[in-house]
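J.: Residue numbers (this note's numbering): 41 to 203. Think of the CB as a built atom: it goes at the ideal place given N, C-alpha and C, for glycine as much as any other residue. One structure follows; several queries about it will come next.
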């Protein structure tokens, strides 16, 4: 069954989303010391907009994305870059993700779609090296208007930073 993300994948990379991904990556770089040659995961990567912003520090990026449509677009981008260490995965169950710990795991606007936030957070944290960073960028609480046009959205309407 196609998801809303499968249907939107081919037109996902709008100017606004590209700009937002750049701001997210820049904010992460301001908050975290990203080592040169870091091993990075972009969790819930979509078409790879956030993760691709780290190509200047590493070619070792694992993009984890459930949507087939998004992975197809991402796969084309990876092929165009010609960097064999950029890889895409459907989920966290792939053993290759456990071969060595990550220095940095990033995600943007992913956690409000998850059913079990704590379990996913624990799993991601467990994939980090000692001293590594998990950067979660998501929605502030709203009245549901962010996803109002998506029939059947059953995620969270943002997160209180105090939580």
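#1: Candidates 182, 130 and 91: which alpha carbon is nearest residue 58's?
#2: Compare the Cα-Cα distances from residue 84 to each of 128, 172 and 166 and report the closest residue.
#3: Buried or exposed: residue 88, going by 16 or more other Cβ atoms within 10 Å of its Cβ?
#4: Could you check which residue in 95, 45, 154 and 144 has the C-alpha nearest to that of residue 166?
#5: Under 8 Å by Cβ, that's how I've got residue 112 and residue 61 pegged, so tell me the actual separation to the nearest angstrom.
#6: Between the C-alpha atoms of residue 120 and residue 114, what's the straight-line distance to the nearest angstrom?
#7: So, are the CB atoms of residue 45 and residue 109 less than 8 Å apart?
#8: So residue 27 and residue 176 are in contact, right, with Cβ under 8 Å, and what is the actual spacing, rounded?
#9: Can the beta-carbon of residue 64 be found less than 8 Å from the beta-carbon of residue 82?
#10: Starting from residue 142, follow the beta strand (DSSP E) in both directions and report where the run begins and ends.
#11: Hey, how far is the Cα of residue 169 from the Cα of residue 140?
#12: Taking its Cβ as the centre, do 16 or more other Cβ atoms sit within 10 Å of residue 98, making it buried, or is it exposed?
#13: Between residue 156 and residue 135, what straight-line distance do the alpha-carbon atoms span, to the nearest angstrom?
T.: A quick look at the data gives this:
#1: The residue labelled residue 58 in the question sits at position 18 within the chain shown. Measuring from the Cα of residue 58, the nearest candidate turns out to be 91.
#2: Looking up residue 84 in the chain shown gives position 44. With distances taken between Cα atoms, residue 84 lies closest to 128.
#3: Taking the first residue of the chain shown as 1, we reach residue 88 at position 48. By the 16-neighbour rule on beta-carbons within 10 angstroms, residue 88 is buried.
#4: Against the chain shown, residue 166 aligns to sequence position 126. That would be 144, whose Cα lies nearest to the Cα of residue 166.
#5: In the chain shown, the residue the question calls residue 112 occupies position 72. In the chain shown, the residue the question calls residue 61 occupies position 21. Not a contact, Cβ separation roughly 18 Å.
#6: Position 80 of the chain shown, counted from the first residue, corresponds to residue 120. Position 74 of the chain shown, counted from the first residue, corresponds to residue 114. C-alpha separation (whole angstroms): 10 Å.
#7: One-based indexing of the chain shown puts residue 45 at position 5. One-based indexing of the chain shown puts residue 109 at position 69. Yes.
#8: The structure shown does not extend to residue 27, since the chain spans only 41 to 203, so no value can be given for it.
#9: On the chain shown, residue 64 is found 24 positions in, with the first residue counted as 1. On the chain shown, residue 82 is found 42 positions in, with the first residue counted as 1. 8 Å or more divides the Cβ of residue 64 from the Cβ of residue 82.
#10: For this step, residue 142 is matched to residue 102 along the chain shown. First-last of the beta strand (DSSP E) with residue 142: 142-148.
#11: Position 129 of the chain shown holds residue 169. Position 100 of the chain shown holds residue 140. A straight-line Cα-Cα distance of about 8 Å links residue 169 and residue 140.
#12: Taking the chain shown and counting its residues from 1, one reaches residue 98 at position 58. Counting every other CB atom within 10 Å of its CB across the protein chains shown gives residue 98 a total of 16 or more, marking it as buried.
#13: For the purposes of this step, residue 156 is taken as residue 116 along the chain shown, with counting starting at 1. For the purposes of this step, residue 135 is taken as residue 95 along the chain shown, with counting starting at 1. Rounded to whole angstroms, residue 156 to residue 135 spans 21 Å at the Cα level.
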